[in-house]
Amino acid sequence: MYRDFKNVKELIEYIDAKIAEYKRQLGEMISKSDEIRRIHETLKNINQRLGIKESAKHVEGRIGDVRLIIVPVPEIMRDIYETYSESLSRRINKLVEIRKHLEALAGYELPIRVFMSSDIPEVIVIKTETS
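What follows is the structure, encoded as structure tokens:
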């Protein structure tokens, strides 16, 4: 996918918006991961007190005559959030690095075409009249 920008300054604004969006998402992922970690510790304590055994896919046990099932195991969800957080962090770092290098070109008023992969610039082409 590609996107055209009037100039480098407009591309920097786009990158700034993406960085802000990814930082917001990263904050949410870290918060969710921390929340799940706290829940997991609480459930672990409950499981130990009630003698509930954990399986690979879910937690199942009994409270008297009542069957208790917790799906999925909080560790699985925490791992998902942490993996996604790492991915977002890499994207943020890559965008910050690209932005840093673009600063030197911000004063030029040349149109550009940016080829992107997952909203990350991969190729930046300074357009001429023939491109």
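First residue of the sequence shown: 438, per the numbering used here; consecutive thereafter.
Note that CB positions come from ideal geometry on N, CA and C, so glycine has one too.
Since this is a predicted model, take the numbers as computed values, not measurements.
Discussion item. By the three-class DSSP mapping on this structure, what secondary structure does residue 544 have?
Written reply: coil
Fill in: From 503, 552, 525, residue whose alpha carbon lies closest to that of residue 466
Out of 503, 552, 525, the CA that lies nearest to the CA of residue 466 is found in 525.
Discussion item. Quick check: residue 440 and residue 470, are their CB atoms within less than 8 Å of each other?
Written reply: no
Item to complete: Please work out which residues of its chain come closer than 7 Å, Cβ to Cβ, to residue 460, disregarding the five sequence neighbours upstream and downstream, and give them in chain order.
Response: 529
Discussion item. Quick check on this structure: which residue in 535, 542, 472, 545 has the alpha carbon closest to the alpha carbon of residue 560?
Written reply: 535
Fill in: With 16 other Cβ atoms within 10 Å as the buried cut-off, status of residue 551
Counting Cβ neighbours within 10 Å, residue 551 comes out buried, since at least 16 surround it.
Discussion item. Please classify residue 522 as buried or exposed, where buried requires at least 16 other C-beta atoms within 10 Å of its C-beta.
Written reply: buried
Worksheet item: Out of curiosity, what's the CA-to-CA distance linking residue 488 and residue 504?
Response: 13 Å
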